[in-house]
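The end of the sequence shown is residue 124 by our numbering, with every number in the run present.
All C-beta atoms in this analysis are idealised placements derived from N, C-alpha and C, irrespective of residue type, glycine included.
Written below as C-alpha cells is the structure these notes are about.
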Amino acid sequence: MGRGKIAIRRIDNSTSRQLTFSKRQNWLLKKAKELAILCDAEFVAITKFLQENLEKGVVNSVEVDVLKLRRLNVELHFQKRSLCCRISSMESQLVSLAKDSENEFIQKIKSEASILRKINEDL
2 MGRGKIAIRR IDNSTSRQLT FSKRQNWLLK KAKELAILCD AEFVAITKFL QENLEKGVVN
62 SVEVDVLKLR RLNVELHFQK RSLCCRISSM ESQLVSLAKD SENEFIQKIK SEASILRKIN
122 EDL
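What follows is the structure, given as C-alpha cells:
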C-alpha cells in the first residue's frame, strides 16, 4: 500500500519540523550524490538549519566553510562600503584643496604681475 499525499505547508511543531527537515535533507543529499556520480557533476547544498546544526555540533566541514564564507562576504561588503565612503570623502577634500591651491596660484601670479608692472613703470 502506498503512502497518502500530505499537504505542503509549514510544520508548526519545531521538533517535527526539524525531524522532517533532517530526513528530507538526507534524502535530497543522497539523490544529489547519486546524480553527481551518474553525471559527473558537482553539487553544493545550503540549508536553512545550518546555524542550528552548527550550535548542536552536527555539521560537516563543507557546511562550516559555507558559513565562514557567508560571514566573510558580509564583512567584505561592509569594508567595501566603508572604503567607498572614505574615497568619496577624500575626493571631496581633494577638490577643495585643488580649489584652494588654484586660488593661491592665481594670487601669486597676480602679485607677480603687479610687481612686474611697477618695475615696467619704473623703467
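{"Asked": "Looking at the secondary structure, which residues open and close the alpha helix (DSSP H) in which E35 lies?", "Found": "15–40"}
{"Asked": "Put L98 into one of helix, strand or coil per three-state DSSP.", "Found": "helix"}
{"Asked": "Quick check on DSSP: helix, strand or coil for I116?", "Found": "helix"}
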